[in-house]
Ligand SMILES: [Zn+2]
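Residue numbers (our numbering): 200 to 692.
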């Protein structure tokens with residue numbers, strides 16, 4: 200039995216989004232609970248598909264005593280403000296002062312960038328290490344999209360990343376950390392640690408584990424772990440981050456340096472060999488994608504899904520671009536439904552005019568690509584408070600909250616407007632307001648891959664569609680300045 204402090208501080212930062220991310224974004228409830236501290240961690244987070252929830256459940260089964268510190272996560276967005284970072288770090292480190300613990304478990308994303316730190320999680324771990332001293336093991340979990348630096352890999356004693364994208368095994372990553380706990384305590388400070396960085400970036404959509412080569416690479420992890428006794432992680436990286444350590448990496452932790460190196464080398468070789476497989480993925484331009492979907496819909500028995508990946512809020516995009524909506528209107532698409540368009544102003548107006556009323560513009564209005572509003576008469580066809588119970592395994596949050604929500608319609612195109620920015624993960628995103636997504640011909644989703652956990656089963660075909668947005672599918676389109684020398688901007692690029 201050990202006494203383990205538990206905490207979490209997660210953000211995936213798109214450094215190309217101009218607005219800073221303030222503490223309010225961490226405090227707000229949305230697709231998951233807002234920031235929590237102390238005992239509330241047990242009541243608010245238990246049972247959710249989160250690393251800390253998986254860790255709590257398994258560690259409690261193994262009779263460990265948990266000291267809950269603080270947990271906070273914001274929707275992916277721009278650089279985290281210095282004040283927000285310091286507040287999040289203090290919430291974790293202050294209640295730990297003077298406590299006797301045997302280990303610390305911390306849930307991180309691994310792609311947080313702040314005003315002062317390009318490698319924010321390593322800074323957090325550095326301060327944690329300084330506070331607890333060199334002998335208390337630090338265990339953690341990372342998102343599959345972590346941009347891992349050498350420090351982030353080597354300061355802690357054990358890290359394990361999700362192995363699915365969509366992240367249906369998010370909670371399982373915490374379970375895994377708890378299952379390895381005794382071995383990590385045995386290894387102690389002499390554990391072997393290995394870190395390898397890939398020489399190329401992988402576009403976000405092609406890392407989806409429902410497709411190859413990604414699926415096969417993650418299946419390989421378990422084989423190598425069984426044969427070497429090392430704990431392995433493969434991080435795909437998060438491309439829209441202008442930092443030195445952007446991109447895929449491999450991590451290994453083991454009883455000895457030789458085992459860690461052997462395991463890391465085997466997985467790293469497989470990652471390098473998969474480069475041409477990643478390069479083979481070909482998305483379609485929005486004009487071509489809409490034309491193809493309309494043609495396909497004629498004979499399809501299920502909806503054709505267009506993934507509007509470049510405006511994916513899960514990659515920090517504003518989720519308010521109109522390229523796909525305007526293209527569907529221009530080509531005269533029928534029985535089309537698009538969501539989630541983040542436009543609190545239009546949602547408020549829709550609630551004011553009521554069902555049957557009209558509003559004259561949607562979306563856009565900001566700076567950046569795809570910000571031309573979708574104009575014309577949009578008739579309000581449904582309203583809700585945006586609260587629903589989501590059932591997709593990716594985020595099984597009992598209560599998802601989108602704030603005031605509406606469906607508006609022009610021609611054959613319906614759009615779901617919401618007030619709290621998030622990805623469409625659950626069928627209930629639409630069905631809670633009376634729109635069964637199974638009943639439409641074309642479904643446009645502002646998401647890269649997470650939607651697949653809820654929507655793949657209802658899709659005739661999924662097309663990655665390139666409409667303007669802040670999350671370019673092709674990392675080579677990003678104006679990088681700080682990435683490390685020699686890194687190629689796409690597979691075989
Ligand atoms: Zn991720």
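No residue lacks a Cβ here, since even glycine has one placed at the ideal position from N, Cα and C. What you are looking at is a predicted structure, and each value in this text was computed from that prediction instead of being measured.
Indicate whether residue i and residue j have their beta-carbon atoms separated by less than 9 Å.
{"i": "residue 531", "j": "residue 617", "result": "no"}
{"i": "residue 660", "j": "residue 483", "result": "no"}
{"i": "residue 573", "j": "residue 565", "result": "no"}
{"i": "residue 515", "j": "residue 277", "result": "yes"}
{"i": "residue 541", "j": "residue 519", "result": "yes"}
{"i": "residue 357", "j": "residue 417", "result": "no"}
{"i": "residue 505", "j": "residue 407", "result": "no"}
{"i": "residue 368", "j": "residue 348", "result": "no"}
{"i": "residue 340", "j": "residue 415", "result": "no"}
{"i": "residue 455", "j": "residue 394", "result": "no"}
{"i": "residue 615", "j": "residue 624", "result": "no"}
{"i": "residue 637", "j": "residue 502", "result": "yes"}
{"i": "residue 633", "j": "residue 609", "result": "no"}
{"i": "residue 439", "j": "residue 671", "result": "yes"}
{"i": "residue 360", "j": "residue 433", "result": "yes"}
{"i": "residue 444", "j": "residue 396", "result": "yes"}
{"i": "residue 155", "j": "residue 543", "result": "Residue coverage of the chain in this structure runs from 200 to 692, which leaves residue 155 outside it and unanswerable."}
{"i": "residue 647", "j": "residue 403", "result": "yes"}
{"i": "residue 265", "j": "residue 202", "result": "yes"}
{"i": "residue 225", "j": "residue 282", "result": "no"}
Does the distance between the C-beta of residue i and the nearest non-hydrogen atom of ligand 1 fall short of 8 Å?
{"i": "residue 307", "result": "no"}
{"i": "residue 361", "result": "yes"}
{"i": "residue 208", "result": "no"}
{"i": "residue 650", "result": "no"}
{"i": "residue 366", "result": "yes"}
{"i": "residue 400", "result": "no"}
{"i": "residue 211", "result": "yes"}
{"i": "residue 702", "result": "A query on residue 702 cannot be resolved here, the shown segment of the chain reaching from 200 to 692 and no further."}
{"i": "residue 342", "result": "yes"}
{"i": "residue 515", "result": "no"}
{"i": "residue 437", "result": "yes"}
Go to residue i, then tell me how far its beta strand (DSSP E) extends in each direction, as first and last residue.
{"i": "residue 578", "result": "573-583"}
{"i": "residue 464", "result": "Looking at the DSSP string, residue 464 is not in any beta strand (DSSP E); the run it does join, the alpha helix (DSSP H), is 456-472."}
{"i": "residue 609", "result": "604-609"}
{"i": "residue 184", "result": "Past the boundaries of the shown model lies residue 184; the chain is included only from 200 to 692, so the question cannot be answered."}
{"i": "residue 340", "result": "337-341"}
{"i": "residue 682", "result": "Taken as a continuous stretch (DSSP letters only), residue 682 belongs to no beta strand (DSSP E), as it is neither H nor E."}
{"i": "residue 359", "result": "357-360"}
{"i": "residue 561", "result": "557-561"}
Between which two residues does the alpha helix (DSSP H) harbouring residue i extend?
{"i": "residue 543", "result": "543-552"}
{"i": "residue 615", "result": "Premise fails: residue 615 lies in the beta strand (DSSP E), 612-617, not in any alpha helix (DSSP H)."}
{"i": "residue 414", "result": "413-427"}
{"i": "residue 525", "result": "522-529"}
{"i": "residue 590", "result": "Run containing residue 590: none; DSSP gives neither H nor E here."}
{"i": "residue 630", "result": "627-630"}
{"i": "residue 386", "result": "380-386"}
{"i": "residue 242", "result": "239-244"}
{"i": "residue 432", "result": "Taken as a continuous stretch (DSSP letters only), residue 432 belongs to no alpha helix (DSSP H), being part of the beta strand (DSSP E) at 430-434."}
{"i": "residue 321", "result": "319-331"}
{"i": "residue 304", "result": "Counting along the chain, residue 304 falls outside any alpha helix (DSSP H), though it belongs to the beta strand (DSSP E) covering 302-307."}
{"i": "residue 655", "result": "Careful: residue 655 lies outside any alpha helix (DSSP H) and carries neither H nor E."}
{"i": "residue 620", "result": "Careful: residue 620 lies outside any alpha helix (DSSP H) and carries neither H nor E."}
{"i": "residue 229", "result": "Counting along the chain, residue 229 falls outside any alpha helix (DSSP H), and DSSP gives it neither H nor E."}
{"i": "residue 288", "result": "281-292"}
Name the DSSP beta bridge partners of residue i, please?
{"i": "residue 392", "result": "452"}
{"i": "residue 643", "result": "505 and 537"}
{"i": "residue 203", "result": "265 and 302"}
{"i": "residue 276", "result": "212"}
{"i": "residue 235", "result": "270"}
{"i": "residue 484", "result": "665"}
{"i": "residue 220", "result": "279"}
{"i": "residue 410", "result": "Residue 410 pairs with nothing; no bridge assigned."}
{"i": "residue 600", "result": "586"}
{"i": "residue 313", "result": "279"}
{"i": "residue 225", "result": "For residue 225, which the question treats as bridged, DSSP gives no partner whatsoever."}
Do three or more CB pairs link the region 323-332 to the region 377-393 at distances below 8 Å? Counting Cβ pairs under 8 Å, fewer than three are found: no touch.
Three or more C-beta pairs under 8 Å: does that hold for the region 570-588 against the region 597-608? Contact holds: three or more Cβ-Cβ distances are below 8 Å.
When you compare the region 307-314 with the region 203-216, are there three or more beta-carbon pairs, one atom per stretch, that lie closer than 8 Å? Touching, yes, given that three or more Cβ pairs across the two stretches are closer than 8 Å.
Three or more beta-carbon pairs under 8 Å between the region 618-637 and the region 469-482, yes or no? Using a Cβ-Cβ distance cut-off of 8 Å, the region 618-637 and the region 469-482 are not in contact, since fewer than three pairs of beta carbons, one from each stretch, lie closer than that value.
At least three beta-carbon pairs within less than 8 Å, the region 284-301 to the region 419-429: Because the criterion of three Cβ pairs below 8 Å is not met, the region 284-301 and the region 419-429 do not touch.
Are the region 297-306 and the region 234-247 in contact at 8 Å, needing three or more beta carbon pairs? Verdict: no, contact absent.
Quick check: the region 211-219 against the region 228-238, are at least 3 beta-carbon pairs closer than 8 Å? In short, these stretches do not touch, since the Cβ pair count stays below three.
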